[in-house]
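Reviewing the structure listed below.
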Amino acid sequence: MKTSPYRRKHRRRAFRRLFWLLVLALATLLLLLWPRRVTLDGLNSPHAILLRADSGEVLAEKDADSTIYPASMTKMMTALLAIEANPDLDTPVTLPEEIFPALQAQNASLAGFQAGETATVRDLLYGAMLPSGAECCEALAREVSGSEEAFAARMNQKAAELGMTGTHFCNPTGLHDPEHVSTVRDMARLTEAALQNETFRKLFTTERYTVPATNCHPQGFTMHSTLLSQLDGTELHRGRILGGKTGYTGEAGLCLASLAEVKGREYILVTAGAGGDHSTAPYHIEDAVTVYRRVSRGS
C-alpha cells in the first residue's frame with residue numbers, strides 16, 4: 090500500500106523538527122560544558138598565572154615570564170628540599186644562635202622559635218610554611234646542607250630540574266637580594282611539583298599547627314597560616330581555597346601561590362607584585378578570590 094503524499098510530507102516535517110530540536114539541544118549542551126576563558130584583567134597584581142593542578146594546563150596568564158622577586162614564596166622550595174632530605178620528620182634540629190641577628194636586622198618574619206631551641210624537622214616545616222618563619226628556613230637549610238650557601242646551590246639545582254629557567258635563588262627565606270629572582274610561571278611550576286609530595290601538600294593546606302613542648306617552650310605554642318587565617322571558607326560560592334604560601338618584601342610587593350578547589354577541580358594561581366604591605370588590605374588574597382570566582386562562573 091502506497092503512502093499518501095500528505096503523509097510523506099507530514100513525516101518530512103516531523104523529521105526536520107526533530108533534527109533541529111536535536112541540534113538545539115546539542116548546541117545548548119556545548120554552551121554549558123565548553124570552558125570559557127578566564128581573564129586576569131583588573132587584578133591588583135601585575136603578574137599572574139592560573140593553571141589546572143591535575144594537568145598543569147595554563148588557563149590564563151598575565152606577564153608571567155617577567156622577572157619578579159619571589160619573597161617568601163621561596164620557602165616552598167626550602168620546605169620541599171627539607172622534606173626530600175629528611176624521611177624522618179621527627180629528626181631533632183637545634184636552631185643556631187648565629188642566624189638570629191641578621192634576620193632581626195632585616196625585619197624578617199619569624200615563627201617564634203628561639204636561639205638554642207630544639208624542635209623537630211616537622212615543627213620547623215610548619216613554622217616555615219604557616220607563619221613564614223625565616224628562622225625555620227635557616228635552620229632547615231643548615232640541617233640539610235651545612236650552610237646557607239650550599240643549600241642555595243641545592244635550590245638552584247632543583248629549580249633547573251623542574252624547568253624553572255627564569256629563577257635564581259640566593260637564600261632559603263626569600264629576603265631581598267637583587268639576584269634572588271623568579272617568574273610567576275616558575276613559581277607555578279614549583280607549586281605544581283611540590284604538591285605531588287603528600288607531606289608538602291599537608292603543610293600547604295594546614296590552617297594551624299601546635300608545636301609540642303620544647304626546651305624553650307615547655308607549653309608548646311600554636312602557629313597559624315598567613316593565608317588561611319584570613320579566610321573563613323565562604324569566599325567562593327562553588328568551592329574553597331585549600332591553602333597557599335604568601336610572600337612580601339618592599340621590593341617584591343604582595344605575592345601568593347595558592348591552591349583552590351572549584352566545582353570539583355583543583356586550580357593553582359600564582360600572583361606577584363601587588364601594591365600594599367602587611368598594614369594594608371591583603372590585595373594578593375583579594376586577587377585570588379577574584380580569579381577563583383571567575384573560574385566558578387567560567388568567565
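Numbering (the numbering used here), first residue to last: 90 to 388.
We put the beta carbon where it would ideally sit given N, CA and C, even for glycine.
Quick caveat: nothing in here was measured; it's all calculated off a predicted structure.
So residue i packs on residue j, CB below 8 Å; how close in whole Å?
i, j, result
"Ala349", "Leu331", "6 Å"
"Arg141", "Arg354", "7 Å"
"Ile172", "Thr315", "About 20 Å; that fails the 8 Å criterion."
"Ala346", "Gly333", "6 Å"
"Leu284", "Tyr215", "Contact doesn't hold; Cβ gap of about 17 Å is too wide."
If I follow the unbroken alpha helix (DSSP H) through residue i, where does it start and stop?
i, result
"Ser347", "Note, Ser347: premise wrong, no alpha helix (DSSP H); beta strand (DSSP E) at 342-351."
"Ala194", "189-194"
"Arg278", "273-283"
"Tyr158", "Run containing Tyr158: none; DSSP gives neither H nor E here."
"Leu292", "287-293"
Taking all protein chains shown into account, decide if residue i is buried (16 or more other Cβ within 10 angstroms of its Cβ) or exposed.
i, result
"Ala256", "Checking the sequence shown, residue 256 turns out to be Thr, not Ala. Buried, by the Cβ-count rule."
"Arg101", "exposed"
"Asp212", "buried"
"Arg105", "exposed"
"Tyr337", "buried"
"Ala302", "exposed"
"Lys352", "exposed"
"Ala370", "exposed"
"Asn415", "The question about residue 415 has no answer here: the residues shown for the chain are numbered 90 through 388."
"Thr167", "buried"
"His269", "buried"
"Gly362", "buried"
"Thr360", "buried"
"Ala228", "buried"
"Glu238", "exposed"
"Ser236", "exposed"
Could you work out which residue in the options is closest to residue i when comparing CA atoms only?
i, options, result
"Ala217", "Leu343, Gln308, Tyr298, Gly362", "Tyr298"
"His326", "His269, Asp366, Ser385, Thr209", "Ser385"
"Ala137", "Gly322, Asn175, Ala277", "Ala277"
"Ala249", "Arg231, Glu227, Ala282, Ser234", "Ala282"
"Gln195", "Glu296, Asp366, Thr163, His265", "His265"
"Lys151", "Phe258, Thr272, Pro261, Pro176", "Thr272"
"Leu251", "Glu238, Thr280, Ser318", "Thr280"
"His306", "Ala200, Asp154, Leu111", "Ala200"
"Ser144", "Pro261, Ile357, Met253", "Ile357"
"Ala174", "Phe189, Met162, Ser368, Asn286", "Asn286"
Determine, using beta carbons only, whether residue i and residue j come nearer to each other than 7 Å.
i, j, result
"Leu148", "Val182", "no"
"Phe202", "Glu224", "yes"
"Glu340", "Val378", "no"
"His313", "Leu343", "no"
"Pro135", "Gly263", "no"
"Thr207", "Asn304", "yes"
"Leu170", "Arg274", "no"
"Lys164", "Cys259", "no"
"Ala204", "Glu186", "yes"
"Val210", "Leu178", "yes"
"Pro267", "Ala230", "no"
Specify, as a first and last residue, the run of the beta strand (DSSP E) that residue i falls within.
i, result
"Phe310", "310-313"
"Tyr337", "328-338"
"Thr209", "207-209"
"Glu150", "147-151"
Could you confirm whether any beta carbon from chain D is found closer than 7 Å to the beta carbon of residue i?
i, result
"Gly328", "No chain D is part of this structure, which consists of one protein chain only."
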